[in-house]
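Its first residue numbered 1, the sequence shown is counted upward by one per residue in our numbering.
The C-beta atom is built at its ideal place from N, Cα and C for all residues, glycine as well.
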Amino acid sequence: MTPFKVAAAHVAPVFLDREKTVAKACSLIEEAARNGAALIAFPETYVPAFPLWSAVVAPIHNHEWFKRLVASSIRCPGPELTRIAGAARRHGVIVSLGFNEGTADSVGCLWNSNVLIGEDGAILNHHRKLVPTFWEKLTWANGDGAGLRVCETRLGRIGVLICGENTNPLARFTLMAQGEQIHVSTYPPVWPTRDPRGGGNYDLASAIRIRAGAHSFEAKAFNIVASGFFDAAMREELATVGKDAVRVLDESPRAVSVVIGPTGEPVSDILADREGLLYASVDTRACVEPKQFHDVVGYYNRFDVFHLTVDRTRQRPVSFRAEAEPRPLSGDAEEDVAGA
């Protein structure tokens, strides 16, 4: 392999506007390609927004926000992903995209999902976040193991985990054990856990650095961290929930976007306070030498001691079996009743 450029999209959606957010994503894919990137990673649930209202307003006041989110969510497959896949194909770029996923099985159930799209426009993997975190449970259903896959691409073996999944050792090991060389981590723009005036709020930027560095160091892989950006338009919309709520969002720590190398150290700048594309050079040959020290999926493990089984079944609400062909009536009432 030769080195190549990647782009982490530290960007805001067009808040709760599916069509405009998809158009913005296609524009950013073009921009990344124009600047020589072979891969671009978008933030968690980029289309059409991350449900920050659930952090700062009681659930009884969030019904209209939820209905707007459902109305602007997308399906996989679906026309919006087809447009983004077309942009990936036109510009020859691999795309990792976070989105709110709706389903034909329900008019109101959502998943926190991610797709990896190849440079030919094919969907390589479709993952649903295993467990929504804390107040996210008000919005999303549990995912499943169907998307715990590492995809072989011309750039190397690529895996993706969403936000808090990067804290799950077994999910991370599942990807490591498939020879992952490039990991994508996606995050929201801000993630409040307390009123900042009381202290003890969750430091999202610090948590991202710890998790991204740990995974890169353990996997001996590059980690592309793509976090959302809290822009003025998003703030203006959310300001309608109340002064205290928007103050909490204003004062809570912001997320960061960064690219981490196989040693656990950054190989790029860090984006936090401005929107934009963050570029970095990746050379997967750098993943080889550190494996001599701690190859946790090779000779630095004890497979006779530890065992991990992953169920990749796509969970569905119902399974149907084919109905038997109707039995023709004989004309004999007693026989027909007995046959029934």
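CA-to-CA distance, residue 125 to residue 233, given in whole angstroms: For this step, residue 233 is matched to residue 233 along the sequence shown. For this step, residue 125 is matched to residue 125 along the sequence shown. Distance between the alpha carbons of residue 233 and residue 125 is about 32 Å.
Check whether the region 54-65 touches the region 89-103, taking contact to mean three or more Cβ pairs, one atom from each stretch, closer than 8 Å. no
Considering only residues of the same chain and omitting the five flanking positions on each side of residue 338, which have a CB-CB separation below 7 Å? As a working note, residue 338 is residue 338 in the sequence shown. Low per-residue confidence applies at residue 338: pLDDT is 49, beneath 50, and the placement is therefore not dependable enough to give any value.
Which residues does DSSP list as the beta-bridge partners of residue 161? As a working mapping, residue 161 is identified with position 161 in the sequence shown. Paired residues: 185.
Decide if residue 213 is buried, meaning its Cβ has at least 16 other Cβ atoms within 10 Å, or exposed. Counting from one through the sequence shown, the residue named residue 213 turns up at place 213. Residue 213 comes out buried.
Classify residue 342 as helix, strand or coil using the three-state DSSP reduction. Summary: the structure shown does not reach residue 342, with the chain confined to residues 1 through 340, and so no result is reported for it.
By the 10 Å Cβ neighbour count, where 16 or more other Cβ atoms means buried, how is residue 112 classified, buried or exposed? The residue labelled residue 112 in the question sits at position 112 within the sequence shown. Looking at its Cβ environment, which holds 16 or more other Cβ atoms inside 10 Å, residue 112 is buried.
With the cut-off set at 9 Å, would you say residue 139 and residue 110 are in Cβ contact? Locating residue 139 in the sequence shown gives position 139, counting from the first residue. Locating residue 110 in the sequence shown gives position 110, counting from the first residue. Judged by their CB atoms, residue 139 and residue 110 are nearer to each other than the 9 Å cut-off.
Please state whether DSSP places residue 100 in a helix, a strand or coil. Along the sequence shown, read from residue 1 onward, the residue named residue 100 stands at position 100. Here residue 100 sits in strand by DSSP.
Of the residues 68, 293, 120, which one's Cα is nearest the Cα of residue 38? In the sequence shown, counting from the first residue as 1, residue 38 sits at position 38. Closest option to residue 38, Cα to Cα, is 120.
Report yes if the CB atom of residue 257 is closer than 9 Å to the CB atom of residue 91, and no otherwise. For the purposes of this step, residue 257 is taken as residue 257 along the sequence shown, with counting starting at 1. For the purposes of this step, residue 91 is taken as residue 91 along the sequence shown, with counting starting at 1. No, they are not a contact pair.
C-alpha gap between residue 313 and residue 197, whole angstroms: Translated into the one-based positions of the sequence shown, residue 313 becomes position 313. Translated into the one-based positions of the sequence shown, residue 197 becomes position 197. Distance between the alpha carbons of residue 313 and residue 197 is about 45 Å.
Tell me the DSSP secondary structure of residue 278 in three-state form. Looking up residue 278 in the sequence shown gives position 278. Residue state, collapsed to three classes: strand.
Thinking just about the alpha-carbon of each residue, which of 170, 116, 106, 105 is nearest to the one in residue 130? To locate residue 130, count along the sequence shown from 1; it is residue 130. The shortest C-alpha separation from residue 130 is found at 170.
Can you say whether residue 259 is buried or exposed, counting buried as having 16 or more other CB atoms within 10 angstroms of its CB? Walking along the sequence shown from the start, residue 259 turns up at place 259. When all chains shown are included, residue 259 counts as buried.
First and last residue of the alpha helix (DSSP H) that includes residue 342? Outside the shown range of the chain, which is 1 to 340, sits residue 342, and nothing can be said about it.
Rounded to a whole number of angstroms, what is the C-alpha to C-alpha distance between residue 300 and residue 149? Numbered from its first residue, the sequence shown carries residue 300 at position 300. Numbered from its first residue, the sequence shown carries residue 149 at position 149. Cα-Cα distance, rounded: 22 Å.
Do residue 72 and residue 18 count as a contact pair if the criterion is CB distance below 9 Å? In the sequence shown, the residue the question calls residue 18 occupies position 18. In the sequence shown, the residue the question calls residue 72 occupies position 72. Cβ distance < 9 Å, so residue 18 and residue 72 count as in contact.
Would you mind giving the Cβ-Cβ distance between residue 181 and residue 229, rounded to the nearest angstrom? I have them listed as a contact below 8 Å. As a first step, residue 181 is located in the sequence shown; it is residue number 181 there, counting from the start. As a first step, residue 229 is located in the sequence shown; it is residue number 229 there, counting from the start. Contact doesn't hold; Cβ gap of about 27 Å is too wide.
Less than 9 Å between the C-beta atoms of residue 41 and residue 315, yes or no? What you label residue 41 is simply residue 41 of the sequence shown in a count that begins at 1. What you label residue 315 is simply residue 315 of the sequence shown in a count that begins at 1. Their beta carbons are not under 9 Å apart, which means residue 41 does not touch residue 315 by this criterion.
C-alpha distance - residue 220 paired with residue 322, whole-angstrom precision: Along the sequence shown, one-based indexing puts residue 220 at 220. Along the sequence shown, one-based indexing puts residue 322 at 322. Approximately 48 Å, taken between the alpha carbons.
I'd like to check one pair, residue 267 with residue 5: are the Cβ atoms closer than 9 Å? Working through the sequence shown from its first residue, we reach residue 5 at position 5. Working through the sequence shown from its first residue, we reach residue 267 at position 267. Against a cut-off of 9 Å, the Cβ pair of residue 267 and residue 5 comes out as no contact.
How many angstroms separate the CA atom of residue 85 from the CA atom of residue 305? On the sequence shown, residue 85 is found 85 positions in, with the first residue counted as 1. On the sequence shown, residue 305 is found 305 positions in, with the first residue counted as 1. Those two C-alpha atoms are separated by around 43 Å.
Let's test the definition: count the other Cβ atoms within 10 Å of the Cβ of residue 242 and tell me whether it reaches 16, buried, or not, exposed. Taking the first residue of the sequence shown as 1, we reach residue 242 at position 242. Counting Cβ neighbours within 10 Å, residue 242 comes out exposed, since fewer than 16 surround it.
Under 9 Å, do residue 296 and residue 173 count as touching if we go by C-beta distance? Stepping through the sequence shown from its first residue, residue 296 is reached at position 296. Stepping through the sequence shown from its first residue, residue 173 is reached at position 173. Closer than 9 Å, so yes.
Continuous beta strand (DSSP E) assignments of at least 3 residues falling wholly in the region 220-306: DSSP runs (the beta strand (DSSP E)) wholly in the region 220-306: 222-227, 258-260, 276-282.
State the DSSP-derived secondary structure class of residue 39, mapped to helix, strand or coil. Looking up residue 39 in the sequence shown gives position 39. Note: residue 39 maps to strand in three-state DSSP.
Measure from the alpha carbon of residue 67 to the alpha carbon of each residue in 20, 24, 44, 16, then state which is nearest. On the sequence shown, residue 67 is found 67 positions in, with the first residue counted as 1. Comparing Cα positions, the closest option is 16.
Beta-carbon separation of residue 211 and residue 167 under 9 Å? Taking the first residue of the sequence shown as position 1, residue 211 is located at position 211. Taking the first residue of the sequence shown as position 1, residue 167 is located at position 167. Yes. Within cutoff.
Nearest candidate by alpha-carbon position, reference residue 118, set 136, 94, 141, 185: Walking along the sequence shown from the start, residue 118 turns up at place 118. Taking only the C-alpha atoms, the option nearest residue 118 is 94.
Write down the C-beta distance between residue 29 and residue 88 rounded to the nearest angstrom, noting that I regard them as a contact closer than 8 Å. Here residue 29 refers to the residue found at position 29 of the sequence shown. Here residue 88 refers to the residue found at position 88 of the sequence shown. Correct: roughly 6 Å between the Cβ atoms.
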